[in-house]
Every structure is written in C-alpha cells, then in structure tokens.
Amino acid sequence: MANYPLDGYRVIDFSWVWAGPLLGMVLADMGAEVIKVETKKRLDSARLTPGRSTVGPETDFVFHSMNRNKLGITVDMSHSRGAALIRELVGISDVAVENFSPKGLRNLGLEYASLREVNPRLVMISLPAAGQYGPLSDIVTYAPSLGALCGYSSLIGYPGERVLGEQTPYLDVNSAIHGAFAVLAALYYRERTGKGQYIDMAQIEVGVSTIGEAFMEYFMNGRVMGTMGNRNPAMAPHNNYPCKGDDKWISIAVKTDEEWRSFCDAIGNPPWAEDARFSDGPNRLRNQDELDRLVSGWTLEFTYYEVMDILQRAGVAAAPCLDLTERFSDPHFEERETHLQVEHPATGVDIIAGIPFKLSETPGAVRRPAPLLGEHNEHVFGKLLGKTREEIAQLIEDKVIY
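Counting in my numbering, the sequence shown runs from 35 upward without gaps.
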C-alpha cells in the first residue's frame with residue numbers, strides 16, 4: 035500500500051475557481067482526503083468556463099486538473115439542515131479551505147468562530163482577495179483585478195507602451211502554494227499543542243510579496259518601476275530573441291561580465307562583441323536596443339534548441355520559448371511526468387498537470403479523477419456521517435443534499 039505524507043488528514047474544501055481548489059489539490063496529491071463541497075444551486079464557475087465547457091458541468095479540463103484526487107459532495111449550505119451536515123463533517127475533519135469574500139460563510143453561520151465550537155482542533159484557511167478586514171475586505175475579484183490592485187500588473191507590458199496587465203491567474207497559483215505552506219505550518223503547530231487556528235490570507239498581499247524588487251527600487255532609490263517587456267533592470271542581454279522557423283524564440287539572460295565573455299566566446303566573438311558600448315553591465319544596459327538587434331542577428335541563424343545547446347555548454351542561461359504542443363512532446367517533460375493521462379468518466383482520457391515536487395520516500399500521486407457533481411454523496415453522508423439510506427433519500431428529496 036502506498037505511503038503518502040498527508041495520509042490520515044481530512045480536508046473540507048468549500049472553495050471554487052482557482053486559488054482554493056489548487057490549495058486543496060496540493061494537499062490531496064500528498065494523500066489527504068479532500069472533500070469538495072458544491073451545490074447545484076450555484077456551480078463552481080470553473081465547471082462552466084465559456085468556450086470550454088460546452089456540454090455541461092463535467093467536461094472542463096481545468097476543473098479536472100485542479101480537483102483531481104478529491105471526493106465530491108453537493109449540499110445546500112443555505113438550508114439549516116445543510117449547514118448542520120457541514121458542521122457534522124467539520125467535526126470529523128482537520129482542515130477547512132475557502133476563498134469566498136468574508137461575508138460568504140459568515141452569512142451562512144459557517145465562519146471559523148462558529149466551526150471552532152464544533153471542532154477546536156480545526157485548521158481553517160480563508161483566501162479572499164483582500165483579507166478578512168480592512169476597507170477593501172469585501173471586494174470580489176478575478177485574477178486581473180488581483181494583479182492590478184497589488185501593483186503586479188503595472189509591470190507587465192513593453193517600455194513606453196500601455197500596461198498590458200495580467201493575462202493568467204498567476205496570483206491564484208501563488209496564493210495556493212502560500213496557502214498550502216500555511217496549512218502545513220498550522221498542522222505542525224497543532225501536533226505540538228493540540229490547538230487549531232485560523233489563517234487569514236489576502237491574495238493581494240501574496241501579490242505584493244512577488245514584486246519585492248519593485249518596492250525596494252522605490253523605497254531605496256525613489257524610482258517607480260514600470261513596464262520592461264522581457265528586459266531586466268540589472269541584466270543585459272535579457273530578452274526573447276527570434277530563431278529559425280515560424281515564430282520561434284529563445285530566452286537568453288546574461289547577468290555578469292564573466293557570463294558576457296562566455297556568451298561572446300560561444301557565439302564566435304564577432305567584432306561587435308568588443309564594442310565599448312557592451313564592455314560592462316552598465317554599458318550594456320544603456321545600449322540594449324542595439325545589443326538586442328545584434329544578438330537577434332545571431333540567433334536567427336539557428337533553431338532555438340541549437341542556440342540553447344551552444345549557450346548552455348558555455349554556462350549561459352538560455353532556453354527555448356515552447357508553446358503548449360511543443361512542451362507536451364518535449365522528452366524532458368515526458369520523462370519527469372510533467373503531464374499525466376487520467377481516465378475521467380465523462381471525458382475519457384484527460385491530460386492534466388503532474389506533481390512538480392518529487393518526494394524520495396513519500397511521493398504524491400494522482401489516484402482518482404476529479405469528482406462528478408455529487409459523486410460521493412452516499413459515501414460521505416452514509417459511511418462518514420452514518421446517515422441511513424432512507425435519511426439520505428429524504429435529504430435529497432428535500433434538496434438539502436443538492
């Protein structure tokens with residue numbers, strides 16, 4: 035029998051969309067029993083993403099990836115009997131995860147203060163946009179709003195052009211990983227003291243923690259960092275450069291003068307490599323436009339894998355800019371199982387993200403696909419809570435289990 039690091043822990047996952055479900059996924063991958071709580075009254079919007087979920091709530095591949103390894107139940111928490119079922123479940127659980135606005139569970143009487151009375155050992159984490167208190171605490175956001183509010187989005191774009199802003203749920207992913215660490219820290223504290231605790235984690239504060247360089251630039255030098263494209267304020271060359279082929283690019287970053295000399299040796303020391311404009315870091319930064327033009331002239335002669343091979347052998351950071359199809363077929367990602375194939379009852383074989391950290395003694399695993407809506411109602415309410423078939427049938431008829 036497999037040995038997982040979080041075997042024996044039970045997690046109630048109230049969350050939806052990205053940040054909370056990803057946190058639950060990390061815990062589930064490591065062996066925790068994670069029970070995803072949903073309701074047919076208001077489906078997790080990740081089940082119904084426009085343009086992807088075209089034939090009902092069971093086909094969205096992002097939902098499948100973020101909710102693998104979980105059990106799934108449906109319960110109307112706004113119903114008094116539904117809330118009572120949740121309290122029973124919390125009473126036999128270790129962790130609760132939610133990412134609603136602060137008033138969400140509070141309006142249902144299921145906030146931490148209430149659940150702690152049921153289970154003093156409970157570790158509960160909330161991942162709202164702006165935290166549980168403060169003037170902005172009740173705001174509702176999606177990824178672009180989070181990036182805008184914390185200042186992260188102001189750095190995304192090309193120099194001298196309008197801010198492009200965040201186009202991916204970058205802060206949701208960061209929040210999930212921060213949250214998983216916080217939960218494990220709280221569980222470790224509980225193992226030593228027997229006490230549960232509450233974790234208030236504002237996603238915008240996670241965002242602030244990812245742009246420390248911009249804050250230090252302002253506080254120490256009085257300068258406000260803006261859009262830089264693919265450039266770096268302390269490194270040149272530092273950009274994506276065109277290669278042979280249709281829209282093929284290589285990422286190159288040179289940090290030190292020693293790396294610059296290695297770069298020049300690797301590309302054959304063309305005459306411009308001795309130009310005084312590129313003699314040291316400050317000069318290369320001042321003359322980036324011309325430097326980028328010259329580097330591009332060299333990279334265009336090769337495929338991106340050829341450029342990577344030439345520069346990596348010289349100790350220079352370089353990697354191809356792979357699109358998704360190229361990444362799926364790359365032998366390195368295949369060997370490390372970066373993507374996994376999982377059989378799902380509604381869609382057949384899903385290709386989902388693998389587990390990025392490989393523990394030598396207790397590796398995680400994808401043991402089951404994401405749950406169908408309410409798939410494990412009978413198991414959770416019957417086996418775990420001890421409800422009879424007749425009681426469960428009545429709860430379904432009364433739309434409490436719904």
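Every residue gets a Cβ at the ideal spot worked out from N, C-alpha and C, and that includes glycine.
Predicted model, so just to flag it, every value in this text is computed and none were measured.
**OP:** Flag this pair as touching only if the stretch 358-371 and the stretch 75-94 have three or more C-beta atom pairs under 8 angstroms; answer yes or no.
**Re:** Verdict: no, contact absent.
**OP:** Would you tell me roughly how many angstroms separate the C-alpha atoms of residue 174 and residue 232, rounded to the nearest one?
**Re:** Translated into the one-based positions of the sequence shown, residue 174 becomes position 140. Translated into the one-based positions of the sequence shown, residue 232 becomes position 198. Near 21 angstroms, if we compare the C-alpha coordinates of residue 232 and residue 174.
Subject >> At least 3 beta-carbon pairs within less than 8 angstroms: the stretch 173-192 vs the stretch 236-253 >> reply: Taking 8 angstroms as the limit for Cβ pairs, the verdict is that the stretch 236-253 does touch the stretch 173-192.
**OP:** Alpha carbon to alpha carbon, how far is residue 162 from residue 168? Give it in angstroms, no decimals.
**Re:** In the sequence shown, the residue the question calls residue 168 occupies position 134. In the sequence shown, the residue the question calls residue 162 occupies position 128. Roughly 12 angstroms between the two C-alpha positions.
Subject >> Cβ separation of residue 150 and residue 213, assumed to be a contact under 8 angstroms, to the nearest whole Å >> reply: What you label residue 150 is simply residue 116 of the sequence shown in a count that begins at 1. What you label residue 213 is simply residue 179 of the sequence shown in a count that begins at 1. Not quite, the Cβ-Cβ distance comes to about 19 angstroms (not below 8 angstroms), so this is no contact.
Original post:
What are the complete beta strand (DSSP E) segments, minimum 3 residues, inside the stretch 324-405?
Top reply: At a cut-off of 3 residues, the continuous stretches assigned as beta strand (DSSP E) that sit fully inside the stretch 324-405 are 351-354, 373-378 and 382-387.
**OP:** Mark residue 414 as exposed unless 16 or more other C-beta atoms lie within 10 angstroms of its C-beta, in which case mark it buried.
**Re:** Within the sequence shown, residue 414 is the residue found at index 380, counting from 1. Flag for residue 414 reads buried.
**OP:** Under 8 angstroms by Cβ, that's how I've got residue 191 and residue 131 pegged, so tell me the actual separation to the nearest angstrom.
**Re:** Along the sequence shown, read from residue 1 onward, the residue named residue 191 stands at position 157. Along the sequence shown, read from residue 1 onward, the residue named residue 131 stands at position 97. Not confirmed; about 34 angstroms, so no contact.
Original post:
In terms of alpha-carbon separation, which member of 402, 254, 121 and 234 lies closest to residue 65?
Top reply: Working through the sequence shown from its first residue, we reach residue 65 at position 31. Checking every option, the nearest Cα to that of residue 65 belongs to 402.
Subject >> contact_flag[the stretch 337-353, the stretch 283-300] where n(CB pairs < 8 angstroms) is 3 or more >> reply: Yes, the stretch 337-353 touches the stretch 283-300.
**OP:** Determine which residues share a DSSP beta bridge with residue 276 and list them.
**Re:** Looking up residue 276 in the sequence shown gives position 242. According to DSSP, which records beta bridges pairwise, residue 276 is partnered with 283.
Original post:
Contact check, residue 72 vs residue 418 under 8 angstroms by CB: the rounded distance?
Top reply: Residue numbering aside, residue 72 sits at position 38 when the sequence shown is read from its first letter. Residue numbering aside, residue 418 sits at position 384 when the sequence shown is read from its first letter. At roughly 17 angstroms, the Cβ-Cβ gap does not stay under 8 angstroms, so residue 72 and residue 418 are not in contact.
Subject >> Alpha carbon of residue 52 to alpha carbon of residue 314, nearest angstrom >> reply: The sequence position of residue 52 within the sequence shown is 18, counting from 1. The sequence position of residue 314 within the sequence shown is 280, counting from 1. Rounded to whole angstroms, the gap between the alpha carbons of residue 52 and residue 314 is 44 angstroms.
**OP:** Kindly confirm or deny that the stretch 250-262 and the stretch 299-307 touch, where touching means at least three C-beta pairs closer than 8 angstroms.
**Re:** Contact between the stretch 250-262 and the stretch 299-307 is absent, because fewer than three Cβ pairs lie under 8 angstroms.
Original post:
Exposed or buried, residue 391, counting other C-beta atoms within 10 Å across all chains shown (16 or more means buried)?
Top reply: As a working note, residue 391 is residue 357 in the sequence shown. Exposed, because fewer than 16 other Cβ atoms sit within 10 Å of the Cβ of residue 391.
Original post:
So residue 68 and residue 159 are in contact, right, with Cβ under 8 angstroms, and what is the actual spacing, rounded?
Top reply: One-based indexing of the sequence shown puts residue 68 at position 34. One-based indexing of the sequence shown puts residue 159 at position 125. The pair is not a contact, with the Cβ atoms about 13 angstroms apart (cut-off 8 angstroms).
**OP:** Taking 9 angstroms as the cut-off, decide whether the C-beta atoms of residue 46 and residue 124 are in contact.
**Re:** The residue given as residue 46 occupies position 12 in the sequence shown. The residue given as residue 124 occupies position 90 in the sequence shown. Contact: yes.
Subject >> Length of the line joining the Cα atoms of residue 138 and residue 202 >> reply: The residue given as residue 138 occupies position 104 in the sequence shown. The residue given as residue 202 occupies position 168 in the sequence shown. So the two alpha carbons sit approximately 25 angstroms from each other.
**OP:** With a 10 Å radius around its C-beta and 16 neighbouring C-beta atoms as the bar for buried, classify residue 405 as buried or exposed.
**Re:** As a first step, residue 405 is located in the sequence shown; it is residue number 371 there, counting from the start. Result: buried.
Subject >> Nearest-angstrom beta carbon gap, residue 322 and residue 265 [assumed within contact, 8 angstroms] >> reply: Numbered from 1 along the sequence shown, position 231 holds the residue referred to as residue 265. Numbered from 1 along the sequence shown, position 288 holds the residue referred to as residue 322. At roughly 6 angstroms, the Cβ-Cβ gap stays under 8 angstroms, so residue 265 and residue 322 are in contact.
**OP:** Return the CA-CA distance between residue 267 and residue 245, expressed in angstroms with no decimal places.
**Re:** To locate residue 267, count along the sequence shown from 1; it is residue 233. To locate residue 245, count along the sequence shown from 1; it is residue 211. Note on geometry: alpha-carbon atoms of residue 267 and residue 245 lie some 13 angstroms from one another.
**OP:** Consult DSSP for residue 108 and reduce its assignment to one of helix, strand or coil.
**Re:** Sequence index remark: in the sequence shown, residue 108 carries index 74 (1-based). Residue 108 falls in the strand class under three-state DSSP.
Subject >> Residue span of the beta strand (DSSP E) that contains residue 158, given as start and end >> reply: Locating residue 158 in the sequence shown gives position 124, counting from the first residue. Counting along the chain, the beta strand (DSSP E) containing residue 158 begins and ends at 157-160.
**OP:** Please name the residue, chosen from 347, 363 and 342, that lies closest to residue 353 on a Cα-to-Cα basis.
**Re:** Start at 1 with the first residue of the sequence shown, and residue 353 comes out as number 319. Nearest C-alpha to residue 353 among 347, 363 and 342: 342.
**OP:** Using alpha carbons as the reference points, say which of 355, 165, 195 and 308 lies closest to residue 261.
**Re:** Here residue 261 is taken as the residue at index 227 of the sequence shown, counted from 1. If we check each option's Cα against that of residue 261, 195 comes out closest.
Original post:
Who does residue 132 pair with in a DSSP beta bridge?
Top reply: On the sequence shown, position 98 is the one that residue 132 refers to. Paired residues: 160.
**OP:** Go through its chain and collect everything with a Cβ distance to residue 146's Cβ below 7 angstroms, but skip five positions before and after it.
**Re:** The count along the sequence shown starts at 1 and reaches residue 146 at position 112. The beta carbon of residue 146 lies closer than 7 angstroms to those of 158 and 232 in the same chain, with the five residues before and after it left out.
Original post:
Enumerated in chain order, which unbroken segments of the beta strand (DSSP E) with a length of 3 residues or greater are wholly contained in the stretch 64-92?
Top reply: Counting whole runs of 3 or more residues, the stretch 64-92 contains the beta strand (DSSP E) stretches 67-72.
**OP:** Determine the burial state of residue 97: buried for a count of at least 16 other Cβ atoms within 10 Å of its Cβ, exposed for fewer.
**Re:** In the sequence shown, residue 97 corresponds to position 63, counting from 1. It counts as buried.
**OP:** May I have the straight-line CA-CA distance separating residue 277 from residue 110, to the nearest angstrom?
**Re:** Reading the sequence shown from its first residue, position 243 is the one you call residue 277. Reading the sequence shown from its first residue, position 76 is the one you call residue 110. Roughly 55 angstroms separates the two Cα atoms.
Original post:
In chain order, what residues of the same chain lie with their CB nearer than 6 angstroms to the CB of residue 127, ignoring the 5 residues before and after it?
Top reply: Walking along the sequence shown from the start, residue 127 turns up at place 93. 44 and 46, listed in sequence order.
Subject >> Element boundaries [alpha helix (DSSP H), containing residue 291] >> reply: Counted from its first residue, the sequence shown places residue 291 at position 257. Per DSSP, residue 291 belongs to the alpha helix (DSSP H) from 291-300.
Original post:
Where residue 288 and residue 365 are concerned, what is the direct C-alpha to C-alpha distance, given to the nearest angstrom?
Top reply: The residue given as residue 288 occupies position 254 in the sequence shown. The residue given as residue 365 occupies position 331 in the sequence shown. Going by the C-alpha atoms only, they are around 26 angstroms apart.
Original post:
So, using beta-carbon positions, are residue 429 and residue 105 closer together than 9 angstroms?
Top reply: By 1-based counting over the sequence shown, the position of residue 429 is 395. By 1-based counting over the sequence shown, the position of residue 105 is 71. Taking 9 angstroms as the cut-off, the beta carbon of residue 429 is found no closer than this to the beta carbon of residue 105.
Original post:
Identify the residues that DSSP records as bridge partners of residue 269: which are they?
Top reply: Counted from its first residue, the sequence shown places residue 269 at position 235. Residue 269 pairs with 266.
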